[in-house]
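Novice:
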Amino acid sequence: MIDHVRDLASVRDATDRLLSAVIKLNNDSIAEPSRLPGWTRGHVLAHLARNADALVNVLAGRPMYASAEARDADIERDAPRPPAAQLADVRESAARFEAQAAVPADWSRTITMRNGVTDSASRVPFRRWVEVELHHVDLGVGYELEDLPQEFVRREIAFLAARFSGNATVPPTRITDGTHAWSTGREGAPDDATITVSGPAPEVVGWLSGRRDGSALTAEGGLLPTLPPL
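Using the working numbering, read the sequence shown as starting at 1286 and increasing by one per residue.
#1: If you follow the beta strand (DSSP E) that A1504 is part of, which residue opens it and which one closes it?
#2: May I ask you to report which of helix, strand or coil DSSP gives S1295?
#3: Could you work out which residue in V1388, P1389 and T1403 is closest to T1395 when comparing CA atoms only?
#4: Below 8 Å, can you find three or more Cβ-Cβ pairs linking the segment 1354-1369 to the segment 1454-1470?
#5: Could you check which residue in W1392, L1445, Q1385 and Y1350 has the C-alpha nearest to that of G1401?
#6: Inspect the beta-carbon positions of W1414 and F1437 and report whether they are closer than 8 Å.
#7: Please report the straight-line C-alpha distance between D1423 and A1369, rounded to a whole angstrom.
#8: Give the secondary structure of I1360 by DSSP, where H, G and I count as helix, E and B as strand, and everything else as coil.
#9: Go through its chain and collect everything with a Cβ distance to G1499's Cβ below 6 Å, but skip five positions before and after it.
#10: According to DSSP, S1483 sits in a beta bridge with which residue or residues?
#11: By Cβ distance, which residues of its chain are closer than 8 Å to E1488, with the 5 residues on each side in sequence left out?
#12: Near A1379, which residues of its chain fall below 7 Å by C-beta distance, leaving aside the five closest residues on each side in sequence?
#13: Please tell me whether V1426 and A1331 are closer than 8 Å, where the distance is taken between their beta carbons.
#14: How far does the beta strand (DSSP E) with I1396 in it reach, from first residue to last?
#15: For A1384, which of V1329, A1345, A1453 and L1419 has the nearest alpha-carbon?
#16: The alpha helix (DSSP H) that contains A1370, what's its start and end?
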């Protein structure tokens, strides 16, 4: 069962770690490329701030973004700002998200995300946690997948495995970190062999999220599946 209160506390902790890293950036370093193609560190921070506001909209029953074009334009507008402005925006937008999450509400209700994706409101804090943790890694400031909280990594693997479950382009796949196991991909036909992918949990989450190429993983029963973009 999803514990949104506990996840909100995890979001606060992750945000504090991120802010402690951002405060060390200067005008030059914030304009340097991030690990996301085509985005500077400023783009990543602008996205994080606007995502917090977008999730405020979701919890309040409004559209997540006015449009895809508006979302992209807001990020481009905010990306070139100096570190102090970026830091304040990430901090203040995080506070707005936390304030909206504190409004009494039915956390079992269904909410609508981008592109018509629906989910339980109770999962919104975890979705925000994902944004903060993975984009902290994307900044390329010394926080790596190996530094992610173990609970987060296990849950994110399960979440991403579910995203690819039933996808016709992904063969039936069993994923294991040696302790836990997850299934994903299309439902196997009689002649559709299951591929077992194994390796350390940070490498697994890196592969599933498109942040690592999977070369540190072992595939048995076939080649390492090529995953579609998220």
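For each residue, glycine too, the CB sits at the ideal point set by N, CA and C.
Specialist: Let me spell this out:
#1: Sequence index remark: in the sequence shown, residue 1504 carries index 219 (1-based). A1504 -> beta strand (DSSP E) spans T1503 to E1505.
#2: Here residue 1295 refers to the residue found at position 10 of the sequence shown. Note: S1295 maps to helix in three-state DSSP.
#3: Sequence index remark: in the sequence shown, residue 1395 carries index 110 (1-based). It is T1403.
#4: no
#5: If you number the sequence shown from 1, residue 1401 lands on position 116. Nearest C-alpha to G1401: Y1350.
#6: By one-based count along the sequence shown, residue 1414 stands at place 129. By one-based count along the sequence shown, residue 1437 stands at place 152. Less than 8 Å separates the beta-carbon of W1414 from that of F1437.
#7: On the sequence shown, position 138 is the one that residue 1423 refers to. On the sequence shown, position 84 is the one that residue 1369 refers to. The alpha-carbon of D1423 is positioned some 20 Å away from that of A1369.
#8: For the purposes of this step, residue 1360 is taken as residue 75 along the sequence shown, with counting starting at 1. Correct three-state label for I1360: helix.
#9: Numbered from its first residue, the sequence shown carries residue 1499 at position 214. Around G1499: W1492 and L1509.
#10: Working through the sequence shown from its first residue, we reach residue 1483 at position 198. T1461 and T1503.
#11: One-based indexing of the sequence shown puts residue 1488 at position 203. Excluding residues within five positions, the ones whose Cβ falls inside 8 Å are L1430, R1497, G1499, A1501 and L1502.
#12: Within the sequence shown, the letter at position 94 stands for residue 1379. If we look at A1379 and ignore the five residues flanking it on each side, its Cβ neighbours are T1300 and A1337.
#13: As a working mapping, residue 1426 is identified with position 141 in the sequence shown. As a working mapping, residue 1331 is identified with position 46 in the sequence shown. Against a cut-off of 8 Å, the Cβ pair of A1331 and V1426 comes out as no contact.
#14: Numbered from 1 along the sequence shown, position 111 holds the residue referred to as residue 1396. Where I1396 is concerned, the enclosing beta strand (DSSP E) stretches over T1395 to T1397.
#15: Along the sequence shown, read from residue 1 onward, the residue named residue 1384 stands at position 99. It is A1345.
#16: For the purposes of this step, residue 1370 is identified with residue 85 of the sequence shown, where counting begins at 1. A1370 -> alpha helix (DSSP H) spans P1368 to A1386.
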